[in-house]
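Position 223 (the sequence shown) corresponds to 557 in our numbering; numbering is contiguous.
Reading through the structure tokens given below for one structure.
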Amino acid sequence: MANFAYVPAELANAKHTFAMYDDFDWYISPHRWTATLTDSGTVTVTAGTTAVAVAMSDGTVADNDEAYLATTNANFAVAAGKNLYGEARIQFTEANTDDANIAFGFSSSVAANIIVDDGAGLRTSGTHFVIYKVDGGTAWICESRNGSTVSRNTSSTTAGGSAYQVLGVEIVELTTTTCTAVYKADGVILRDATTGQPIRHQVLYSGLSNCQLWAGGKNGGANLETLNIDYIAAVQAK
């Protein structure tokens, strides 16, 4: 049997990582992605583009209507030796001043009310490594949660607007029992709005649940909020 004289680096490295990149040339739920929708909310590929629009509602638009797009399987395990990075290029324009709740990152058991009603942030259980904003706020918030233990910082970076932003969640091994999570916007580590220091969370591996990669949002009033996702990706060491 002949041997290959040359193995491309991409192929040689592929066996050491699990990676996914979706530019949304095609979308259906459930498949790679499963959508969680209320009040006839929609996830649709925008005509003439390879982006999806996640509309929080479509029928009678109401406060706390929600729509999420998450990987169907919880493929991502935050554990020793399994550095993890997720990225999404997103855009949203507030339908009403600061009402939108928007989130991106890794969480366990993505389902309805993972973003809590009335601007209360994320669900207070399970595992989260998420960048989000809340109804009534205008800045990105970074949250790392392992059950009842949570680290949360409001950043100095404005969320949303007419321009797209590239959000990144990076989780790297600190010790064999602890990881460090950092959060980025357009390649720059987010900084705490009060201290000005880079946001870094140290999280114990023990107790963490497998995660889905997800993005979506919730209306903060009787106005339709829409999240546009150009692409979404993740890579993890095996």
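Note that beta-carbon positions come from the ideal geometry of N, C-alpha and C, so glycine has one too.
Per DSSP, cross-strand counterpart(s) of residue i
| i | result |
| --- | --- |
| L542 | According to DSSP, which records beta bridges pairwise, L542 is partnered with nothing at all. |
| I475 | Y466, T488 |
| T512 | L538 |
| T368 | A404 |
| F410 | C545 |
| L561 | V388 |
| K518 | G502, I523 |
| N480 | T461, T483 |
| G550 | Y402, A437 |
| I449 | L456 |
| I362 | BP columns for I362 are empty, so no partner. |
| A571 | T351 |
| G582 | Given a span of 335 to 572 for the chain in the structure shown, any question on residue 582 remains unanswerable. |
Buried or exposed by the 16-neighbour rule on C-beta atoms within 10 Å, applied to residue i
| i | result |
| --- | --- |
| G551 | buried |
| I505 | buried |
| T560 | buried |
| A401 | buried |
| K572 | exposed |
| L538 | exposed |
| G554 | buried |
| I362 | exposed |
| G502 | buried |
| G420 | buried |
| S540 | exposed |
| V516 | buried |
| N398 | buried |
| T491 | buried |
Inter-residue Cα distance where the pair is residue i and residue j
| i | j | result |
| --- | --- | --- |
| T458 | L403 | 20 Å |
| R534 | T380 | 35 Å |
| M335 | K349 | With a pLDDT of only 43 at M335, under 50, the local geometry of the prediction cannot be trusted, and no value is derived from it. |
| C476 | W360 | 30 Å |
| F338 | T383 | Legend: pLDDT at F338 = 49, less than 50; position of this residue unreliable, no value from coordinates given. |
| T351 | T514 | 19 Å |
| L418 | K518 | 14 Å |
| S485 | F358 | 32 Å |
| A413 | T461 | 12 Å |
| S374 | A454 | 23 Å |
| Q570 | Y355 | 12 Å |
| S391 | T376 | 7 Å |
| D432 | N557 | 11 Å |
| A434 | K416 | 33 Å |
| I436 | V468 | 7 Å |
| A408 | T394 | 32 Å |
| D520 | S482 | 30 Å |
| I449 | G470 | 14 Å |
| A568 | A353 | 6 Å |
Extent of the continuous beta strand (DSSP E) to which residue i belongs
| i | result |
| --- | --- |
| F438 | 435-441 |
| D503 | Residue identity differs from the one stated: residue 503 is Val in this sequence, not Asp. Taken as a continuous stretch (DSSP letters only), the beta strand (DSSP E) holding V503 covers 499-507. |
| V386 | 386-389 |
| F426 | Run containing F426: none; DSSP gives neither H nor E here. |
| I533 | Looking at the DSSP string, I533 is not in any beta strand (DSSP E), and its letter there is neither H nor E. |
| T378 | 376-379 |
| F352 | 351-356 |
Within-8 Å CB hit, residue i to chain B
| i | result |
| --- | --- |
| S443 | Protein chain content of the structure displayed is limited to a single chain, and chain B is not contained in it. |
Contact test: residue i Cβ vs the ligand GDP heavy atom, cutoff 7 Å
| i | result |
| --- | --- |
| Q499 | Ligands in the displayed structure: none, and consequently the ligand GDP is not present. |
Query - Any 3 or more C-beta pairs closer than 8 Å across the stretch 352-372 and the stretch 509-527 - result: Verdict: no, contact absent.
Query raised in the report: Below 8 Å, can you find three or more Cβ-Cβ pairs linking the stretch 441-455 to the stretch 541-551?
Result: Contact check between the stretch 441-455 and the stretch 541-551: three or more CB pairs, one atom from each, fall below 8 Å, which counts as touching.
Requested in this report: Tell me, please, whether the stretch 554-569 touches the stretch 521-531 by the rule of three or more beta-carbon pairs shorter than 8 Å.
Outcome: Touching, no, given that fewer than three Cβ pairs across the two stretches are closer than 8 Å.
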